[in-house]
Amino acid sequence: MNPEYVEAWKNEGNASYSRGEYKTALEAYERATKINPKDADAWYKKGNALFELKRDCEALEAYEKA
74 MNPEYVEAWK
84 NEGNASYSRG
94 EYKTALEAYE
104 RATKINPKDA
114 DAWYKKGNAL
124 FELKRDCEAL
134 EAYEKA
């Protein structure tokens, strides 16, 4: 996987999220948002993963960036 390819990181996050692996999904979405801080979809999905991990304040921050 190309480490600079945002879509690949989002796909990795989506796969992990669908398996209930929220920490792994969060790590992938974090990579995506670091590569492209303007990717609203990545921020939204990061918020979802944070919410599932009961990190509500951080989830709200991610949603605001989305």
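So the sequence shown is residues 74 to 139, counted in the numbering used here.
Backbone N, C-alpha and C define an ideal beta-carbon position, used for all residues, glycine too.
Cβ shell of asparagine 109 (< 8 Å), same chain only, five flanking positions each side left out: Val79 and Ala115
Taking C-alpha atoms, which residue in Ala98, Gly93 and Glu77 lies nearest to glutamate 85? Ala98
Quick one: residues in its chain with C-beta nearer than 8 Å to the C-beta of phenylalanine 124, no 5 flanking neighbours on either side, listed in chain order? These residues qualify, in order along the chain: Ala132.
Give me the Cβ distance between alanine 101 and glycine 120, rounded to the nearest whole Å; I'm assuming they're in contact under 8 Å. The C-beta distance from alanine 101 to glycine 120 rounds to 14 Å, too long to fall under 8 Å, and the pair is not in contact.
Decide if alanine 88 is buried, meaning its Cβ has at least 16 other Cβ atoms within 10 Å, or exposed. Exposed, by the Cβ-count rule.
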